[in-house]
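Note sheet for the following structure.
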Amino acid sequence: MNNFDEIRARLKQLRPTPGYSWWWDEDQWALLLHDGDPNNADDEGYIAIVQMKSRKWGIKVLIGEPSMGPDGIIFLSNSLEEAKHKVDMLLGWDSGEIPLFGNSDPR
């Protein structure tokens, strides 16, 4: 999947993995994605907002195969809020609030 339109179409078919929301993982806010099939226990991939060395935020997508784009980054944003808005536009739904403190990863 290397075409941006294919990536966006696939993302619109996914939902957050049940029981999970945004969580901090080293240098990125990650959101696990699932196809919504209750018989499928596996995650389909994730979308992440990555803190870049340039003090910008990048959006990285991994869906069932290696990340798309150079180093997996498909967009750069000046703020976390702007990056989150771009994620929501890519997904076609509100991905939920990014926690202010702590880690919401239940694993």
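Our numbering applies: residue 1084 is where the sequence shown begins, and numbers increase by one.
All residues carry an ideal CB built from backbone N, CA and C; glycine is no exception.
Which of helix, strand or coil DSSP assigns to residue i
i	result
G1152	Reliability fails at G1152, whose pLDDT of 49 lies under 50, so the model's placement of it is uncertain and no value is given.
L1116	strand
R1138	coil
D1108	strand
K1169	helix
A1092	helix
L1059	Beyond the ends of the chain as shown, which are 1084 and 1190, falls residue 1059; an answer cannot be given.
L1174	helix
Beta-carbon proximity check, residue i vs residue j, cutoff 8 Å
i	j	result
I1181	L1163	yes
I1156	V1133	yes
L1173	L1097	no
Span separating the alpha-carbon of residue i from that of residue j
i	j	result
K1143	E1089	15 Å
G1152	G1141	With a pLDDT of only 49 at G1152, under the threshold of 50, the placement of this residue in the model should not be trusted, and no figure is reported.
T1100	K1136	29 Å
W1105	A1113	6 Å
Q1111	R1138	13 Å
H1168	R1091	14 Å
N1161	F1087	21 Å
Closest by C-alpha distance to residue i, when choosing among the options
i	options	result
A1131	W1176, R1093, A1166, G1119	A1166
S1178	L1115, K1139, E1127, G1119	L1115
Integer Cβ distance of residue i from residue j, believed to fall under 8 Å
i	j	result
G1128	I1146	4 Å
H1117	D1108	Not confirmed; about 17 Å, so no contact.
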